[in-house]
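Per this note's numbering, residue 301 is the first one in the sequence shown, and the count goes up by one each step. By construction, the Cβ of each residue, glycine as well, lies at the ideal position given by its N, Cα and C atoms.
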Amino acid sequence: MSEKKRLFLVDAYALIFRGYFALIKNPRLNSKGQNTSAIMGFMNSLIDVVKRERPDHLAVCFDKGGSEARNEMFPDYKANRDETPDAIRFAIPYIYNILEAMKIPIMVKDGFEADDVIGTLAKKAEKEGYTTFMVTPDKDFAQLVSENIFMYRPVFGGGYETWGIPEVQKKFEVKDPLQVIDFLGMMGDSSDNIPGLPGVGEKTAKKFLAEFGSMEGLLANTAQLKGKMKEKVEENGELGLLSKKLATIMLDVPVDFNEADFEMCPPDTQKVLEIFDDLEFRRLKDNFLNAFSIEGMASVGTSRVTPENNNLTDTKSKPTKSNPAGEGQFSLFGNDGDASAEIKNYNSRATIENTEHFYQTVQPGMGTKLFLQNLMKQKSVCFDTETTSLNPLEADLVGIAFSWEKGKGFYIPFPENREEAQQLLEELRPFFEDESIQKIGQNLKYDIKVLA
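This is the structure:
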């Protein structure tokens with residue numbers, strides 16, 4: 301059974317501001333006097349997502365020009381916000397350039413907020429069978445949560461927490477995530493200058509939702525209220541309905557979800573490093589190289605959040621004696637890969653247990669792309685096909701193992717679906733047909749017949 305397709309949508313400005321304010325007391329200034337806090341904070345968050353989740357599909361979404369629709373409804377929408385800090389203005393062009401160098405898709409639509417772009421894309425992707433993770437600390441996104449749409453919230457101190465339907469129900473004390481819109485409309489939102497109902501705070505909004513279910517339900521039953529609260533709600537009913545509209549994330553932004561446009565591609569590493577050097581990001585360079593290296597993207601020891609378990613799960617495999625090649629052949633690699641094998645000193649002969657090694661299963665998607673990119677740079681490669689039979693005419697290809705450096709090897713498993721397997725083989729064809737790369741193997745005649 302194939303793994304469910306996953307899409308990560310990053311709320312750019314939410315993470316940029318978060319990174320900036322996290323370092324407000326100790327800003328990161330380089331030797332040129334440039335405040336790089338916002339860039340560093342955002343990039344650390346983004347690289348952490350890539351490193352933890354290995355997404356095949358991802359986009360970073362920006363605001364552009366604010367929300368024309370909300371400003372028409374309420375001219376004072378977000379009018380109370382301070383001027384954008386200079387450090388963030390400085391950061392935006394750099395972040396755009398870094399994302400372009402990293403080949404990460406950027407989504408922006410003039411006259412719409414990132415919330416609306418993300419909401420529209422998440423719902424469209426859901427119809428295409430994707431599970432979507434909205435990378436943002438903004439509670440407003442809770443209204444979009446469904447069986448296939450999750451919030452992926454960075455937490456202070458490092459790491460992320462995932463909000464599915466149960467988490468939203470518990471956090472806001474609602475039955476349905478859509479009621480978060482009513483919750484926000486009732487209590488208002490000072491950061492966006494959404495007025496809400498006068499005198500209604502978080503506690504009262506939750507109480508009203510428990511009793512009446514929605515803003516409309518509350519306004520239809522004001523006779524059940526008492527005293528000043530009854531008076532305030534009745535006098536400000538229209539304001540409450542307006543606040544609910546302002547808090548509603550739009551799902552009709554004119555953007556398309558073409559999955560190929562959101563596919564992660566190998567970055568222009570040299571260009572990224574040049575930008576990081578200009579900003580004097582030494583540690584971030586190491587983090588980037590680790591996250592986007594072949595070893596990093598191929599790793600089977602990654603933490604991934606899945607629809608079945610919406611908590612971060614360490615899926616690192618323990619060393620086993622299983623043979624990924626099946627019963628037909630002995631595998632070039634003794635197990636499915638252990639990137640952090642314990643190194644011990646023995647007086648006996650060298651074995652897999654006491655020799656430093658890095659053997660990895662290459663993951664589909666970007667992991668495979670990075671592997672192929674690096675494979676084509678080699679001068680000499682040892683490979684071995686893993687099959688179901690010693691008879692090449694009867695054998696099905698299970699996988700291919702590759703190595704070009706002592707103690708380092710990669711294993712590409714082939715899908716059971718014949719069309720998908722043939723497509724993967726076509727991606728490997730340039731390597732096998734490149735006469736400038738020396739091919740080394742045991743019983744190559746057998747391998748050639750299997751690959752033919």
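- Query: What is the DSSP secondary structure of ARG453, reduced to helix, strand or coil?
  - Reply: strand
- Item | Simplified DSSP assignment, three categories, for THR275 | The chain is shown only over 301 to 752; residue 275 falls outside these bounds and no answer can be derived.
- Contact the region 451–465 vs the region 419–438: 3+ CB pairs below 8 angstroms: yes
- Query: Looking at the structure shown, is GLU580 part of a helix, part of a strand, or coil, going by DSSP?
  - Reply: coil
- Quick check: the region 724–733 against the region 668–680, are there 3 or more CB pairs under 8 angstroms? yes
- Task: Leaving aside the five residues before and after ASP568 along the sequence, list all residues of the same chain whose C-beta is less than 6 angstroms from its C-beta, in chain order.
- Result: ALA401
- Enumerate in chain order the residues of its own chain whose CB-to-CB distance from ASN558 is below 7 angstroms, with the five nearest sequence positions on each side excluded. none
- Would you say the region 407–418 touches the region 363–380, given that touching needs at least three Cβ pairs under 8 angstroms? yes
- Message: Let me check one thing: in DSSP terms, what residues is ALA369 bridge-paired to?
- Response: According to DSSP, which records beta bridges pairwise, ALA369 is partnered with nothing at all.
- Query: Taking C-alpha atoms, which residue in LEU744, LEU697, TYR711 lies nearest to ALA721?
  - Reply: LEU697
- ILE395: first and last residue of the uninterrupted beta strand (DSSP E) it sits in: Taken as a continuous stretch (DSSP letters only), ILE395 belongs to no beta strand (DSSP E), being part of the alpha helix (DSSP H) at 386–401.
- Are there 16 or more other CB atoms within 10 angstroms of the CB of SER337, so buried, or fewer, so exposed? buried
- Could you tell me which of LEU579, GLY699, THR548 sits nearest to ARG718, measuring between CA atoms? GLY699
- Task: Write down every uninterrupted run of the alpha helix (DSSP H) in the region 641–725 whose length is 4 residues or greater and which is fully enclosed by it, in chain order.
- Result: 666–675
- Taking Cβ positions, are VAL310 and THR420 nearer each other than 8 angstroms? no
- Task: May I have the straight-line CA-CA distance separating LEU323 from SER491, to the nearest angstrom?
- Result: 20 angstroms
- DSSP beta-bridge partners of LYS545: Note: LYS545 sits in no beta bridge, so no partner.
- 8 angstroms Cβ cutoff met for ALA422 and PRO477: no
- Helix, strand or coil: how does DSSP classify LEU315 here? helix
- Message: Taking 8 angstroms as the limit between beta carbons, can you name the residues of its chain near PHE633, skipping five residues before and five after?
- Response: Here PHE633 scores only 33 on pLDDT, less than 50, and its place in the model should not be relied on; the value that follows carries that caveat. Once the five neighbours on either side are set aside, the close Cβ partners of PHE633 are PRO624, TYR659, ALA701, GLY709, TYR711.
- Message: Relative to the C-alpha of MET529, which candidate in THR504, ASP386, THR548 has its C-alpha closest?
- Response: THR504
- Give the straight-line distance between the Cα atoms of ASP578 and TYR396, rounded to the nearest whole angstrom. 15 angstroms
- Message: So for PHE441, helix, strand or coil by DSSP?
- Response: helix
- Just the Cα atoms here: how many angstroms apart are PRO715 and TYR430? 20 angstroms
- Query: Which one or two residues does DSSP pair with MET564 in a beta bridge?
  - Reply: MET564 pairs with nothing; no bridge assigned.
- Check each candidate in LEU329, GLU686, GLY741 and name the one with the smallest Cα separation from SER680. GLY741
- Pairwise C-alpha distance: ASN743 and ILE575: 47 angstroms
- Message: Quick check: ALA547 and ILE481, are their CB atoms within less than 8 angstroms of each other?
- Response: yes
- Hey, could you find the ends of the beta strand (DSSP E) LYS739 is sitting in? 738–740
- Message: So the candidates are TYR746, PHE592, TYR313, LYS351; which of them puts its Cα closest to the Cα of ALA387?
- Response: TYR313
- Item | Chain-order list of residues whose beta-carbon lies under 8 angstroms from that of ILE737 (same chain, five-residue window excluded) | MET676, GLN678, LYS679, SER680, VAL681, PHE731
- Message: Using the Cβ count rule (16 or more neighbours within 10 Å means buried), how would you classify ASP747?
- Response: buried
- Near LYS585, which residues of its chain fall below 7 angstroms by C-beta distance, leaving aside the five closest residues on each side in sequence? LEU573, PHE576
- Message: Tell me the residue span of the beta strand (DSSP E) that contains LEU346.
- Response: From DSSP, LEU346 is part of no beta strand (DSSP E) but of the alpha helix (DSSP H) over 337–353.
- Does DSSP put TYR377 in a helix, a strand or coil? coil
- Item | Through-space distance from GLU426 to ALA520, alpha-carbon basis | 34 angstroms
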